[in-house]
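The structure under discussion appears below in the form of structure tokens.
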Amino acid sequence: MQYWVETLGCPKNHVDSDKLTGLLHTQGYTAAASAEEADLVVVNTCAFIEAAREESIETVLALADVRQRGARLVVTGCMAERYGDELADALPEVDLVARFGESLIAPTPVTIGGRRKAPDFDLLNLPRPATTAPWAYVKIAEGCDRRCGFCAIPTFRGDQRSRSTEEILTEARALVAGGVKEIVLIAQDLASWGHDRRRGKLGEALEVLDSGGTQPLIELTRTLSKEVERVRLLYLYPSGLTQALIDTILETNVPYFDLSLQHASRPLLRGMKRWGDADKFLDRIAAIRASEPNAAFRSSFILGYPGETEDDQRQLIEFLEAAQLDWAGFFTYSAEDGTTSASMANQVPHELALERLREVSEIQDGITARRRDELVGTTQRVLIDAPGVGRSVRECPEIDGIIRVSPLLPVGSLVDCVITASYGTDLEATAL
Ligand code: SF4
């Protein structure tokens, strides 16, 4: 029996798909060369915003058309979790709507109510297949204890459930044994990893919190960095970026800071039920650059959150110009069921949000291009991801730009290269 898994959405979903395929292998399935040849077609959906949901539905319908006669079509992931029954009703083409951690090969169609308590176990501890790339995501927790005004994730992924250090190390060691040189740690709220285990007294010997709550992540990062060349941390809630965590990240020699900022205007951030403002963010960025001038920064921002004004937009632009981030992603706000912002009166028209998004994107494109130009002539240690494609510590896989190198450099090797040219987000380099 052969399977095909189509994955939409963020890196966290890609990890889930890895786990799903790992499980299918243990159940005797092998990967099909294409969706058309598979006996089991799985769509791992994204429900983050409306555009992501539309893409998920379009993908399901397209695969329903191309699957071979008799092949089962299964929908899983965030849309399945969030709209189980509704989704099953709306898509009669689908044989099974499966929520997190449920079997994809159940004999009879099962529809799932969206309000059930999130499972404790999810997909986190399922086996995963060997990776062909020299890097891998490792998801260290599921769910989130925060309640940001725009975000529906806690309503269907549940409160945070952290994996144990041992489980994470076991997975990481297997990846390293398979040739992985870079581990990218992910969670909804990475810096809070371990808090629930401490609260739940699950027996983990976590140190007393003397570092603003980030001691568990600090210990994990230090331990992992002794076992793998690069450890990269994604999705850091800005108040979680304590000095102790900054120092730890700098010690690991991957000075890459993915800060989940969402905006720079204090009133708007409070409306989002989030911490911080432009001054606090700029202070932190400046402190990091004072310790490590070569630190790279990424963040993401929402445009058009309810109540957003022209003054908020001005503050965001001023922040972007002052912060000089290497990378930034921009999204228009989407009113999600179950969020506090969905019922707020002062919704911003979508067209206006789009206009603001275009404005900040254009500004950030120029900043990113300049930051990339500044690297020309420098020497960078490049991990070769695929023939002709590599990354330094400044580029996160799949999200940021790449470094083009000679296709003769072996995949998985780390090579010192001089940067010879810059093309917007991408660089070109020659091995020394
Ligand atoms: S921290 Fe992230 S996942 Fe958690 S509620 Fe806020 S936006 Fe959602």
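Just so you know, numbering that gives the first Met the number 0 puts 148 at position 149 of the sequence shown, and the rest follows in order with no gaps. Glycine included, C-beta positions come from ideal geometry on N, C-alpha and C. As the structure is a prediction and not an experimental result, all values here were calculated from the model.
Leaving out the 5 sequence neighbours to the left and right, which residues in its chain are closer than 6 Å to residue 9 when beta-carbon positions are compared? none
Tell me the DSSP secondary structure of residue 279 in three-state form. helix
If we call anything under 8 Å between Cβ atoms a contact, is residue 73 one with residue 39? Contact: yes.
Please classify residue 252: is it buried, with 16 or more other beta-carbons within 10 angstroms of its beta-carbon, or exposed? exposed
Figure out for me which residue from 402, 404, 382 has the closest Cα to the Cα of residue 132. 382
Just to check my reading of the structure: residue 174 and residue 222 have Cβ atoms closer than 8 Å, yes? What is that Cβ distance to the nearest angstrom? Their Cβ separation, rounded to whole angstroms, is 15 Å, which puts residue 174 and residue 222 out of contact at 8 Å.
Alpha carbon to alpha carbon, how far is residue 226 from residue 172? Give it in angstroms, no decimals. Cα to Cα, residue 172 sits roughly 8 Å from residue 226.
Ordered along the chain, which non-local residues of its own chain (more than five positions away) have a Cβ less than 8 Å from that of residue 274? 236, 237, 238, 268
Residues around the ligand SF4, please: the condition is that the C-beta lies closer than 6 Å to some non-hydrogen atom of it. 143, 145, 146, 147, 150, 152, 153, 187, 188, 236
Under a three-way DSSP split, which group does residue 394 fall into? coil
Quick check for students: name the residue ranges of the beta strand (DSSP E) that lie wholly in the region 331-417, counting only runs of 3 or more. Given a length threshold of 3 residues, each whole run of the beta strand (DSSP E) inside the region 331-417 is given here in chain order: 378-385, 388-390.
Just reading off the alpha helix (DSSP H) that residue 217 is part of, what are its end residues? In the DSSP assignment, residue 217 falls within the alpha helix (DSSP H) that extends over 214-224.
If we count Cβ pairs, one from each stretch, closer than 8 Å, do we get three or more for the region 400-419 versus the region 340-350? Taking 8 Å as the limit for Cβ pairs, the verdict is that the region 340-350 does not touch the region 400-419.
Pick helix, strand or coil for residue 139, following the three-state DSSP scheme. coil
So what's residue 82 in DSSP terms, helix, strand or just coil? helix
Just to confirm, are residue 441 and residue 148 a CB contact at a threshold of 8 Å? Since the first residue shown for the chain is 0 and the last is 431, residue 441 is missing from the structure and cannot be characterised.
In chain order, what residues of the same chain lie with their CB nearer than 6 Å to the CB of residue 46, ignoring the 5 residues before and after it? 52, 77, 78, 81
According to DSSP, is residue 8 helix, strand or coil? coil
Which residues in the same chain as residue 93 place their Cβ atom closer than 6 Å to its Cβ, once the five residues preceding and following it in sequence are excluded? So the qualifying residues of the chain are 72, 74.
Between residue 247 and the rest of its own chain, which residues show a CB-CB distance below 7 Å, the 5 nearest in sequence each way excluded? 217, 220, 221
Taking residue 169 as part of the alpha helix (DSSP H), name the residues at either end of that continuous run. Per DSSP, residue 169 is one residue of the alpha helix (DSSP H) stretching across 164-176.
Separation of residue 378 from residue 385, as counted between CA atoms: 20 Å
Which first and last residues belong to the beta strand (DSSP E) in which residue 301 is found? 295-302
Cutoff 7 Å; reference residue 325; Cβ partners in own chain excluding five residues on either side: 295, 296, 297, 367, 370, 393
Alpha carbon of residue 33 to alpha carbon of residue 3, nearest angstrom: 7 Å
Rounded to a whole number of angstroms, what is the C-alpha to C-alpha distance between residue 190 and residue 241? 9 Å
Taking the straight line between their C-alpha atoms, what separation do you get for residue 412 and residue 380? 10 Å
Can you tell me the Cα-Cα spacing of residue 391 and residue 181, whole angstroms? 11 Å
Give the single residue among 14, 5, 163 whose Cα lies nearest to the Cα of residue 58. 5
Check each candidate in 215, 340, 150, 152 and name the one with the smallest Cα separation from residue 165. Measuring from the Cα of residue 165, the nearest candidate turns out to be 215.
Could you check the C-alpha separation between residue 318 and residue 312 for me, to the nearest Å? 10 Å
Is DSSP giving residue 26 helix, strand or coil here? coil
With distances taken between CB atoms, is the gap from residue 360 to residue 304 smaller than 8 Å? no
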